[in-house]
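A.B. asks: Residue numbers (mature numbering (1 follows the signal peptide of the UniProt record, and there is no 0)): -30 to -1, 1 to 411. Questions regarding the structure given below will be posed in turn.
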């Protein structure tokens, strides 16, 4: 008997026994080396040095990559893998992170919800505006072919803000301008147009070189008939809205306009005054003891009087309440010195009326006639009470204030609802009881 061992292909070991010139096979065990791959990104699982017959391995790609080719193979009796793993590769997905949010992507007839597409997939792009580029693209291993498109708006908003004085033609307040629309700009009388005179809507953007604005026209200095008039400020050009005041040298007073201002290239009062001698024999003195104690009057110099000049340098009184929450009762707030050596007697009938304080109960909301929440209501105004949701009003909701006194003394409060559920004879009855907010927990 002869015992012989032979190895084939350096993989399988064959044991044979020769008896009487007959060869008998004792056994054969197949083994496989690890499967070969050309892509270094591929991971073999399980990873071993030797695999037994019919062992199965999985080929895996990293997260974000797609495996192309055989992904699951087994060791066959020939000592090789049943499929060629050298053609397996990992292909990266294509990103959509830089795609505008307005663009909608469809893959395999379904709207794509993620921000990436598998390699080999075809994507279809659409948007509410205008697609610029190819609307169909295929992902090939982290690259798009052709490049994915972009979406541009198909209309433009108003080229200038609604509070701008710039005139737009054609104008479409509250509406959109279609792509390709050309508009022209102008300004109302008294303004000069600065910037572009027209613009074109291109894919949601106006092609401004310089955004148009309307600049108010300035005023040139007025020619003064009286050279002694002092103009302040004395400039070569006056911007619209700027005020000038006239004054005179010592012992003289302005006769005529005391001040004027520039308005869109024109003076509000173009007449120029003159300086006249002041009659210092006429004096006015304020009798503070006759004033309401809450009234505060201050003397201020002025020159707007007709000759002769009434008062030293001419003057007037400006009156107000000491407390800003009080209200001055009279039609005039300025009182002039007259040629009767005194101020207008109506000055001494001025009075300041007190406000009313709002005493708020729990949950009560109080506003004045302007709808502003407050705890102080001025004389002549009224308070408006209200309650939060779930509460009911109890008492007069509107009460007027008169010199620190409420015209209605009944207090206002918010009433909550307390619902008690009682079972009586098997039936459910609801008993609603009104309780004050302060007692409702």
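All C-beta atoms in this analysis are idealised placements derived from N, C-alpha and C, irrespective of residue type, glycine included. Just so you know, these numbers come straight off a predicted model, no measurement behind them.
Relative to the C-alpha of residue 27, which candidate in 106, 383, 262 and 43 has its C-alpha closest?
C.D. replies: Your numbering for residue 27 matches position 57 in the chain shown. Checking every option, the nearest Cα to that of residue 27 belongs to 43.
A.B. asks: Between residue 15 and residue 38, is the Cβ-Cβ spacing less than 7 Å?
C.D. replies: Start at 1 with the first residue of the chain shown, and residue 15 comes out as number 45. Start at 1 with the first residue of the chain shown, and residue 38 comes out as number 68. Going by C-beta atoms, residue 15 is not nearer than 7 Å to residue 38.
A.B. asks: Residues in its own chain within less than 7 Å of residue 361 by CB, not counting five upstream and five downstream?
C.D. replies: Counting from one through the chain shown, the residue named residue 361 turns up at place 391. Excluding sequence neighbours, residue 361 sits near 333, 384, 385, 386 and 407.
A.B. asks: Can you list, in chain order, the residues of its chain with a C-beta nearer than 7 Å to that of residue 295? Leave out the 5 residues immediately preceding and following it.
C.D. replies: Your numbering for residue 295 matches position 325 in the chain shown. Once the five neighbours on either side are set aside, the close Cβ partners of residue 295 are 325, 346 and 348.
A.B. asks: Please check if any C-beta of chain D sits within less than 7 Å of the C-beta of residue 187.
C.D. replies: Going by chain labels, chain D is absent from the structure shown, which holds only one protein chain.
A.B. asks: Consult DSSP for residue 234 and reduce its assignment to one of helix, strand or coil.
C.D. replies: Here residue 234 corresponds to residue number 264 of the chain shown, with the count starting at 1. Residue 234: coil per DSSP, three-state reduction.
A.B. asks: When the Cα atoms are used, what is the spatial distance from residue 76 to residue 91?
C.D. replies: As a first step, residue 76 is located in the chain shown; it is residue number 106 there, counting from the start. As a first step, residue 91 is located in the chain shown; it is residue number 121 there, counting from the start. Near 10 Å, if we compare the C-alpha coordinates of residue 91 and residue 76.
A.B. asks: Note down the Cα distance separating residue 223 from residue 320, rounded to an integer number of angstroms.
C.D. replies: Here residue 223 refers to the residue found at position 253 when the chain shown is read from its first residue. Here residue 320 refers to the residue found at position 350 when the chain shown is read from its first residue. Spanning the two alpha carbons is a distance of roughly 29 Å.
A.B. asks: Report yes if the CB atom of residue 29 is closer than 7 Å to the CB atom of residue 41, and no otherwise.
C.D. replies: Along the chain shown, read from residue 1 onward, the residue named residue 29 stands at position 59. Along the chain shown, read from residue 1 onward, the residue named residue 41 stands at position 71. Result yes, Cβ atoms of residue 29 and residue 41 sit closer than 7 Å.
A.B. asks: Once DSSP output is grouped into helix, strand and coil, what is the label at residue 315?
C.D. replies: Within the chain shown, the letter at position 345 stands for residue 315. Three-state result, residue 315: helix.
A.B. asks: So what's residue 108 in DSSP terms, helix, strand or just coil?
C.D. replies: Within the chain shown, the letter at position 138 stands for residue 108. Residue state, collapsed to three classes: strand.
A.B. asks: Going by C-alpha to C-alpha distance, which of 242, 371, 322 and 258 sits closest to residue 287?
C.D. replies: If you number the chain shown from 1, residue 287 lands on position 317. The shortest C-alpha separation from residue 287 is found at 258.
A.B. asks: Apart from the five residues on each side of it in sequence, which residues of its chain come closer than 6 Å, Cβ to Cβ, to residue 170?
C.D. replies: The count along the chain shown starts at 1 and reaches residue 170 at position 200. 152 and 177, listed in sequence order.
A.B. asks: Considering only their Cβ atoms, is the gap separating residue 187 from residue 162 smaller than 7 Å?
C.D. replies: What you label residue 162 is simply residue 192 of the chain shown in a count that begins at 1. What you label residue 187 is simply residue 217 of the chain shown in a count that begins at 1. Yes, these two residues count as a Cβ contact at 7 Å.
A.B. asks: With residue 356 as the anchor, note down where its beta strand (DSSP E) starts and where it stops.
C.D. replies: In the chain shown, counting from the first residue as 1, residue 356 sits at position 386. Per DSSP, residue 356 belongs to the beta strand (DSSP E) from 352 to 356.
A.B. asks: In whole angstroms, what separates the C-alpha of residue 233 from that of residue 189?
C.D. replies: Working through the chain shown from its first residue, we reach residue 233 at position 263. Working through the chain shown from its first residue, we reach residue 189 at position 219. In a straight line, the C-alpha of residue 233 is about 8 Å away from that of residue 189.
A.B. asks: Under three-state DSSP, which class holds residue 183?
C.D. replies: Position 213 of the chain shown holds residue 183. Note: residue 183 maps to strand in three-state DSSP.
A.B. asks: Please go through the region 121 to 185 and give each complete beta strand (DSSP E) segment of 3 or more residues, from N-terminal end onward.
C.D. replies: If we require 3 residues or more, the beta strand (DSSP E) runs fully inside the region 121 to 185 come out as 137 to 139, 152 to 156, 161 to 164 and 168 to 172.
A.B. asks: When you compare the CB positions of residue 113 and residue 86, do they come within less than 7 Å of one another, or not?
C.D. replies: Here residue 113 refers to the residue found at position 143 of the chain shown. Here residue 86 refers to the residue found at position 116 of the chain shown. No. Outside cutoff.
A.B. asks: Quick check on DSSP: helix, strand or coil for residue 8?
C.D. replies: In the chain shown, the residue the question calls residue 8 occupies position 38. Here residue 8 sits in coil by DSSP.
A.B. asks: Measure the Cβ-Cβ separation of residue 164 and residue 89 and say whether it is below 7 Å.
C.D. replies: For the purposes of this step, residue 164 is taken as the residue at position 194 of the chain shown. For the purposes of this step, residue 89 is taken as the residue at position 119 of the chain shown. In this structure, residue 89 does not lie closer than 7 Å to residue 164 by Cβ.
A.B. asks: Note down the Cα distance separating residue 331 from residue 264, rounded to an integer number of angstroms.
C.D. replies: Along the chain shown, one-based indexing puts residue 331 at 361. Along the chain shown, one-based indexing puts residue 264 at 294. Whole-angstrom Cα-Cα distance: 31 Å.
A.B. asks: Can you tell me whether residue 62 is buried or exposed, with buried defined as 16 or more other CB within 10 angstroms of its CB?
C.D. replies: Locating residue 62 in the chain shown gives position 92, where the first residue counts as 1. The residue in question, residue 62, is buried, as its Cβ has 16 or more Cβ neighbours within 10 Å.
A.B. asks: Which word fits residue 71, buried or exposed, when buried means at least 16 other C-beta atoms lie within 10 angstroms of its C-beta?
C.D. replies: In the chain shown, residue 71 corresponds to position 101, counting from 1. Per the 10 Å Cβ criterion, exposed.
A.B. asks: Please determine if the region 118 to 127 and the region 99 to 106 are in contact, where contact requires at least 3 C-beta pairs separated by less than 8 Å.
C.D. replies: Yes, the region 118 to 127 is in contact with the region 99 to 106.
A.B. asks: Since I believe residue 355 is in contact with residue 382 (beta carbons under 8 Å), could you give me their beta-carbon distance rounded to a whole number of angstroms?
C.D. replies: Position 412 of the chain shown, counting from 1, holds the residue named residue 382. Position 385 of the chain shown, counting from 1, holds the residue named residue 355. With 8 Å as the limit, residue 382 and residue 355 qualify as a contact, their Cβ atoms being about 4 Å apart.
A.B. asks: Just verifying my parser: in three-state terms, what is the DSSP assignment at residue 55?
C.D. replies: By 1-based counting over the chain shown, the position of residue 55 is 85. Reduced to three states, the DSSP call for residue 55 is helix.
A.B. asks: For residue 86, does the three-state DSSP call read helix, strand or coil?
C.D. replies: Position 116 of the chain shown, counting from 1, holds the residue named residue 86. Strand at residue 86.
A.B. asks: Whole angstroms is fine: what's the gap from residue 184's alpha carbon to residue 208's?
C.D. replies: In the chain shown, residue 184 corresponds to position 214, counting from 1. In the chain shown, residue 208 corresponds to position 238, counting from 1. Going by the C-alpha atoms only, they are around 17 Å apart.
A.B. asks: May I ask you to list the residues that DSSP assigns as paired with residue 35?
C.D. replies: The residue you call residue 35 lines up with position 65 of the chain shown. DSSP, once it has assigned bridges, lists 62 as partnering residue 35.
A.B. asks: Residue 246 by DSSP, collapsed to three states: which one?
C.D. replies: Within the chain shown, numbered from 1, the residue matching residue 246 stands at position 276. In this structure, residue 246 counts as strand in the three-state DSSP scheme.
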